[in-house]
Amino acid sequence: MFAILASIDPTAFSLGPISVQWYGVIIAVGIIIAFLVGQREMVKRGLHTEFLTDLLIWAVPLAIVGARIYYVAFEWEHYKDNPSQIIAIWNGGIAIHGALIASVIVAYLFTKKRNTSFLKVADILAPSILIGQAIGRWGNFINQEAHGGEVSRTFLENLFIPDWIINHMYIDGAYYHPTFLYESMWSLVGIILLLLLRKVNLVRGEMFFFYMIWYSVGRFYIEGMRTDSLYVIGELRAAQLVSVLAIVIAVVFIVYRRVTIKNPPHYKDN
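So for the sequence shown, my numbering puts the first residue at 2; every next one is plus one.
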């Protein structure tokens, strides 16, 4: 099975002129699994069974739009001369930070309209977000993209990863850092930690802030290995800048709420 996976055609199947890519299929699988995990915890925490479904109806498509807008914004020098390509998302070009920013905005507005605590919902969904990210990165593996710089086969073998991954990281005559794998594994560890933190019953919001810190720390270092980064100015990578900002924001919110709010609600509170 792994040998097949490593040599798979990026196109899963075609419906007439429409080609469905494995990247999209993997993203969809990630969303479904994340939904199932999040849905179970939401019901356990007293939210309506349809709450998450209603949220995702808005969040998923707008996250895709946000991911595209983010990418286009940082590649504007290209798209300003080729405006017809701005909507050509099927040619590639989305960014996870754009999707996350859009999703947070949608979730905040949605919870406000439903008179529900945004931080409560964000805490519940924090592990699910990482589940989607951990699975979604394997779409990059299929496409042989979002990899790091060139390395030797010996280097990859010393990582004790399967041959089918090593072989698929052989691209155009060279081996590359499997940064998709680094981020996927980092996310997996984060999922385990978040599930353990549920038992600690942290102050409301701190599960989500922990997610922000954990993902951003990993992304900052992994981004430094990649060869396809979006840049702000010169060699300043957009993902690294956003990661640093996310860490600062999360830390400030944790400290501020701990200092200023007396008897704050906790994760398991209704």
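Just so it is clear, CB atoms sit at the ideal spot from N, CA and C, and this is done for glycine as well.
Counterpart residues of residue i in DSSP-defined beta bridges
| i | result |
| --- | --- |
| SER185 | DSSP output for SER185 lists no bridge partner at all. |
| PHE14 | VAL21 |
For residue j and residue i, believed in contact at Cβ under 8 Å, the rounded distance
| i | j | result |
| --- | --- | --- |
| HIS351 | ALA240 | Lying before the first or after the last residue shown, residue 351 is absent from the chain, which here runs from 2 to 271. |
| HIS178 | GLY150 | 6 Å |
| GLY140 | ILE27 | 4 Å |
| ILE166 | LEU182 | 7 Å |
| ILE102 | ILE34 | Going by Cβ atoms, the distance from ILE102 to ILE34 rounds to 23 Å, so no, they are not a contact pair. |
| ILE262 | PHE210 | At roughly 14 Å, the Cβ-Cβ gap does not stay under 8 Å, so ILE262 and PHE210 are not in contact. |
| TYR72 | LEU231 | 7 Å |
| PRO148 | VAL204 | The question names Pro, but residue 148 is His in the sequence shown. The Cβ separation is near 39 Å, so there is no contact. |
| MET208 | LEU196 | Contact doesn't hold; Cβ gap of about 10 Å is too wide. |
CA nearest to the CA of residue i, picked from the options
| i | options | result |
| --- | --- | --- |
| VAL233 | GLU76, VAL21 and GLY174 | GLU76 |
| VAL105 | ILE130, ASN202, VAL249 and ASN83 | ILE130 |
| VAL38 | THR54, GLY25, TRP23 and TYR24 | THR54 |
| GLU146 | LYS121, MET170 and ASP124 | MET170 |
| ILE95 | GLY235, THR12, TYR24 and PHE210 | TYR24 |
| GLY190 | ASN202, LEU242 and GLN134 | Checking the displayed sequence, the identity of residue 190 turns out to be Val instead of Gly. Answer by Cα proximity: GLN134. |
| LYS200 | ASP124, VAL245, TRP215 and GLU236 | ASP124 |
| GLY219 | VAL73, GLU184 and LEU203 | GLU184 |
| PHE142 | TYR212, ILE172 and ARG115 | ILE172 |
| TYR212 | ALA13, PRO265 and SER188 | SER188 |
| LYS114 | VAL44, LEU16, ASP82 and LEU56 | LEU56 |
| LEU48 | LEU126, ILE34, ASN83 and ARG258 | LEU126 |
| GLY93 | GLY174, VAL122, ALA68 and VAL30 | ALA68 |
| TRP215 | PRO128, ASN271 and THR155 | PRO128 |
| ILE32 | ILE248, ILE58 and ILE70 | ILE58 |
| PHE52 | ALA74, ILE19, THR117 and ALA247 | THR117 |
Secondary structure, alpha helix (DSSP H): runs of 4+ residues fully inside the segment 176 to 260: Entirely contained in the segment 176 to 260, the alpha helix (DSSP H) runs reaching 4 residues are, in chain order, 180 to 201 and 207 to 224.
Whole beta strand (DSSP E) elements within the segment 140 to 180, 3-residue minimum: 175 to 177
Entirely enclosed alpha helix (DSSP H) segments - the segment 26 to 108, minimum 4 residues: 52 to 75 and 77 to 80
The segment 178 to 188 touching the segment 212 to 227, judged by at least three CB pairs closer than 8 Å: yes
Any 3 or more C-beta pairs closer than 8 Å across the segment 159 to 177 and the segment 60 to 73: no
contact_flag[the segment 105 to 120, the segment 79 to 97] where n(CB pairs < 8 Å) is 3 or more: no
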